[in-house]
Structures are given as C-alpha cells and as structure tokens.
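Undergrad: In my numbering, the protein residues as written are 31 to 490.
We treat Cβ as the ideally placed atom computed from N, Cα and C, and that holds for glycine.
Since this is a predicted model, take the numbers as computed values, not measurements.
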RNA sequence: GGCGGCGUGGCCGAGUGGUUAGGCAGGGGCCUGCAAAGCCCCGUACUCCGGUUCGAAUCCGGACGCCGCCUCCA
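Written out as structure tokens, the structure is:
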C-alpha cells in the first residue's frame, strides 16, 4: 500500500511500524453543531482506507476522537442557556447517528478530550519544565521556536510563516505562531485544576495525548482534512517533537468539499449539513460520489453531482437484483478473499493495484463499472461465469464500504394487489389494462419491470 | 506578500509521450406486447502561447483563469 505523505510530499510505501498492523489516528469533530458534508467526506475517505486495509489483510487499529471541550461549545451553551456537556452530548449523538447512516465504521476507540485532561496537564507540565511552554495572562503557550523544523506540514519554514501571519492584536506572545496549550478559566466556564492554573486545554494538545496514549509512539498514519495540516497537525507534531517522542510516521490529508467553487465551511456559511443531505439522499450515493473522485482532490457536492451518483448507484443495484447479490458492507467489514475464481483474477488484481496506489478509487470505480458491464454481458450470452463476475464486483465494492442492494422490500398490500392484477391482465394479453396498472403504480412512486417471474416493482 | 494545488468532451471525473478511462446525460440499434433493466454502437476532449520530440493533452518555459493554506475550520 502506498499513500501520499503530506510531510514528504510524495507517494510512499506505508511500511507499518508492526508488519501486518496499521495504526491510524483521524482527527474527529468538535461537537458544537450538526456535521456538514465536509465531515461526511473525511469520514468516508478514511473509512474507505480503513476498510481497504482490512480487506488487504492488515489488522487496523483506528482511533478517532471527539472534541467535547472547546470555545464553540462554550459559546453555544451560553447562547442556549444549557450546560457545555449537554451541548457536547447532544451533537455527539447526532454525529454517531450520521456516521451510522453513512455506513462509516465506528472507530476502534473514540476518546473524548475531557477523558484525557490529566494526561494533557502532565504533558503541559513537562513542556514547561523543558522551557518550551510559557505562561501569559490568559493561558500557557507553546514556543514554536523550540522546534527546528516547525513548518514541515505547512511546507514553509518558520520565518516564512511568521512573515505571513496576519496581524495579531496580541503582542505578548513570543511569536505570533505560538499557540495555547491551556486556557485559564473565566468564571462559569468548564475548568480543571492544574499546577499552572485552573482552565481547559487548547485544541492542539488533546490529539497528541490521545494518539500517543492509544496508539503509542511512532504510530503509522495521522489523517484529517487538508485544513488541519496547518496549524493543527503542525502543532501536534511540534509538541511531540519538543517532548522527544516519535509521532506519526505518515500524514495523509483529504481535499475539501466545495460549494460553488469555494471551500465549504461553517465559517463561510456556505455549508450543507450532512443531516440534511442524509434525509433526502441514499447515503450510498454520497459514498459513491466520494470514491468517484480522488481523496486529495476538491469535490463539489451539489444536487446535480448527488443526483448523478444516485443514478450510478441504481445501475449497481440493478446488478444486485439480477444476480441476487447479498448486501456486504454497512455495519460490517468485508474480509480478505483467500482465492478468486480464475476468470476474475486479473480483474481483481487490477482493481487492487489501483487501490493500493494512493487509494486511486476513481480509477478503481471505473474498472468496477467495467466489471458490471462484463457480468451483464456474459449473463446476456448465457455464460455461467457471469455470476462469478457479479460477485467479484459486489465484493470489491463491499470492501470499499458500498453495499449493492438488490433485495426486494415487502410491498404495501394495495401495491401487491395491483401487481397481481397486472399479472392477470398480462396473462390474458389485456395490454391496455396492464399499461393502466403500470401507470398507476408509477404514479405511486414505483418502478415497474416485467420479468419471467411476472411484474416486479421497486421504489423510485 | 510567502507557499501549495488545479484548469480534460454537455456535466462529473481518471490517466498515459504515440493505441477505449469510467459514470451520468444525449443519439442510434438489439431485446420487450409496449416499457423497464440489460447489451451493442456513437461524441473524438484535454485553458492559451511558445519550446523539446518523428510524435505532447501527457515533458519544459511563459501567459491567463480558478482554488487552498499562512486565523477557527474536516
């Protein structure tokens, strides 16, 4: 498996710390609001990677945090007159519910920042003892000049970053890039006692503590949205470097979700919430949309691209119906396949090669759609290998977390009734009646297909 | 200002120095009572200008346009 490493700026072999095992840390959400579609993208991208690594035989340990203490949570709690923990709990529930709908696997461990405060305090004490953290009136700050290669993930040296820093009202920081490790509590705010003063942690500290605490030094891969590369990941790394502890071996970042050519984000106010999207769309359409583009490219999510993806999913579902394929992904992972039928070996090998090469899902999806055509074509010719092809396609899509759905759902009785009446009409070759019933079914939102087993309907 | 990325056919979106990406939409055909689904065929694209080359959308240089990071952000 090869992945583009943000620090090295090139595609590198993954080379896990322990052969056969991959440890991944993904920066999770701050739970102060409903997730937007950008959260959906990053969770899908890294879910696909996780599933693919599993399918390739790796034992994957996947940690992703919940940030449940933060300025924005405090602001919202104040605005709504409720406790901070009530806000965090509420939006964490929304988060997991959205993840479940998306078919994103639950992390192996999902630590909450507030459960790791003691470790963060210890870390800050150590940094202070080493002279790389200093107190100011409102908190404890990290001195970025202590890290020789600060700017690694920003692809810029410290001096250049400093020159570009926007005017900071604060003149007391040693450098405008210095960041808060700890914020002293104001009255009424959540706080924890610490030797250096009561308060709460800064954002960049929790991920260092939790990733090292749960995955250990030199864990394999640290992932997140591109906007986290700097300063969040840079600052995590800076702390680890200052502590002398080996941190992530590789860094991977996904591209943004765009809206009208602009990055979609809450601060720009141009976001679509993930919950809205999931209400009106088959979540599989979003997964397909995501894997149809490369994870590092920007991705435009709008009604057109989603509708396009939904129609593509319909083509896959038609395959599942035709071959009675089982649903494979969703809650569970698709396990490695020990041996493939000889006729699909090359096909599987090609898809594997593409995915192993920096997770080239768009090329893999293209190959898989070729596989769809092959399966259908072989079946049209009555070739018995068609089934093997269909299963291979479904298995590989399943390995990426996309289930093909061919099951027929139970029909409402009046629909079932119409189906029976239409079969009767067709049996006596009463085409006008058969067509009338078909129109009626269609007007009720059902797609009608004739088959050797009679009328079949499915929801539009 | 510094740094990074991108400009592909109607839309989305891969890729390679010379031979079909793929999906969606559209057109034609087969199948069907008619459909649907499926299959076959079709568009001959790569911002512009130079250069390298037998040959470049693919390499180099330049121009133009767009986006992102440098501030909370996935």
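Using a Cβ-Cβ cut-off of 7 Å (strictly less than) and excluding sequence neighbours within five positions of residue 335, which residues of its own chain qualify?
TA: Same-chain partners within the cutoff: 319.
Undergrad: State the CB to CB distance for the pair residue 251 and residue 278, rounded to an integer number of angstroms; the pair is presumed to be in contact (CB under 8 Å).
TA: Sure, about 6 Å apart at Cβ, within 8 Å.
Undergrad: For the pair the segment 351 to 365 and the segment 322 to 336, tell me if three or more CB-CB distances fall below 8 Å.
TA: These segments do not touch.
Undergrad: Secondary structure at residue 146, three-state DSSP: helix, strand or coil?
TA: DSSP places residue 146 in helix when its eight states are reduced to three.
Undergrad: Which residues mark the beginning and the end of the beta strand (DSSP E) in which residue 309 is found?
TA: Element bounds for residue 309: not the beta strand (DSSP E) but the alpha helix (DSSP H), 304 to 310.
Undergrad: With three or more beta-carbon pairs closer than 8 Å as the criterion, would you say the segment 103 to 117 touches the segment 69 to 81?
TA: The answer is no - the segment 69 to 81 does not touch the segment 103 to 117, with fewer than three Cβ pairs under 8 Å.
Undergrad: With H, G and I counted as helix, E and B as strand and the rest as coil, what does DSSP make of residue 223?
TA: In this structure, residue 223 counts as coil in the three-state DSSP scheme.
Undergrad: Considering only their Cβ atoms, is the gap separating residue 127 from residue 11 smaller than 8 Å?
TA: Beyond the ends of the chain as shown, which are 31 and 490, falls residue 11; an answer cannot be given.
Undergrad: Report the three-state DSSP secondary structure of residue 73 (helix, strand or coil).
TA: Residue state, collapsed to three classes: helix.
Undergrad: Can you give me the C-alpha to C-alpha distance between residue 207 and residue 87, rounded to a whole angstrom?
TA: Those two C-alpha atoms are separated by around 42 Å.
Undergrad: Which residue wins for smallest C-alpha separation from residue 195, given the options 274, 260 and 463?
TA: Ranking 274, 260 and 463 by Cα distance to residue 195 puts 260 first.
Undergrad: In whole angstroms, what is the alpha-carbon distance linking residue 467 and residue 439?
TA: So the alpha carbons of these two residues sit roughly 20 Å apart.
Undergrad: Which residues share a DSSP beta bridge with residue 123?
TA: Residue 123 is not bridged to any residue.
Undergrad: Since residue 170 contacts residue 211 with CB under 8 Å, what's their CB separation in whole angstroms?
TA: That pair is a contact at about 5 Å.
Undergrad: Alpha carbon to alpha carbon, how far is residue 356 from residue 314?
TA: Roughly 15 Å separates the two Cα atoms.
Undergrad: Closest to residue 327 by CA distance: which of 256, 183, 348 and 299 is it?
TA: Nearest option by C-alpha distance: 256.
Undergrad: Confirm, please, whether the CB-CB distance from residue 56 to residue 150 is below 8 Å.
TA: Result no, Cβ atoms of residue 150 and residue 56 do not sit closer than 8 Å.
Undergrad: Using the Cα positions of residue 95 and residue 376, report the straight-line distance between them to the nearest angstrom.
TA: Cα-Cα distance, rounded: 39 Å.
Undergrad: Taking the CB atoms as reference points, tell me whether residue 203 and residue 230 lie closer together than 8 Å.
TA: Result no, Cβ atoms of residue 203 and residue 230 do not sit closer than 8 Å.
Undergrad: Any idea what DSSP makes of residue 489, helix, strand or coil?
TA: Three-state DSSP puts residue 489 in a strand.
Undergrad: For residue 390, which residues of its own chain have a beta-carbon under 8 Å away from its beta-carbon, when the five flanking residues on both sides are left out?
TA: Hits under 8 Å: 324 and 384.
Undergrad: Can the beta-carbon of residue 162 be found closer than 8 Å to that of residue 176?
TA: Taking 8 Å as the Cβ cut-off, residue 162 and residue 176 qualify as a contacting pair.
Undergrad: Residues in its own chain within less than 7 Å of residue 272 by CB, not counting five upstream and five downstream?
TA: Hits under 7 Å: 157, 160, 162, 176 and 177.
Undergrad: Which residue's Cα is closest to the Cα of residue 168: 190, 191 and 209?
TA: Of the listed residues, the one whose Cα sits closest to residue 168 is 209.
Undergrad: Out of curiosity, what's the CA-to-CA distance linking residue 364 and residue 220?
TA: If I take the Cα positions, the gap works out to 43 Å.
Undergrad: One question on the structure: do residue 276 and residue 236 come within less than 8 Å of each other, judged by their Cβ atoms?
TA: For residue 276 and residue 236, no; Cβs fall outside 8 Å.
Undergrad: For residue 290, count neighbouring C-beta atoms within 10 Å of its own C-beta (all shown protein chains included) and say buried if the count is 16 or more, exposed if not.
TA: Flag for residue 290 reads exposed.
Undergrad: Assuming the contact rule is C-beta atoms closer than 8 Å, residue 65 and residue 125 should be a hit. Round their C-beta distance to whole Å, please.
TA: Correct: roughly 6 Å between the Cβ atoms.
Undergrad: Just to confirm my understanding: we take residue 264, look at its own chain, exclude 5 residues before and 5 after, and list those with CB closer than 8 Å. What are they?
TA: Correct list, in chain order: 180, 181, 182, 183 and 184.
Undergrad: Is the segment 421 to 430 close to the segment 391 to 400, with three or more CB pairs under 8 Å?
TA: The segment 421 to 430 is in contact with the segment 391 to 400.
Undergrad: Going by other Cβ atoms of all chains shown within 10 Å of its Cβ, with 16 needed for buried, is residue 189 buried or exposed?
TA: Classification of residue 189: exposed, given that the 10 Å Cβ count is below 16.
Undergrad: Tell me the DSSP bridge mates of residue 210?
TA: Note: residue 210 sits in a beta bridge opposite 171.
Undergrad: Measure from the alpha carbon of residue 295 to the alpha carbon of each residue in 316, 67 and 469, then state which is nearest.
TA: Comparing Cα-Cα distances from residue 295 to each of 316, 67 and 469, the minimum goes to 67.
Undergrad: Write down the C-beta distance between residue 284 and residue 71 rounded to the nearest angstrom, noting that I regard them as a contact closer than 8 Å.
TA: Right, the Cβ-Cβ distance comes to about 6 Å (below 8 Å), so this counts as a contact.
Undergrad: From this set, 445, 402, 386 and 401, which residue's C-alpha is nearest residue 41's C-alpha?
TA: Among 445, 402, 386 and 401, the Cα nearest to that of residue 41 is on 386.
Undergrad: So what does DSSP say about residue 56, is it helix, strand or coil?
TA: The answer is strand: DSSP assigns residue 56 an E or B state.
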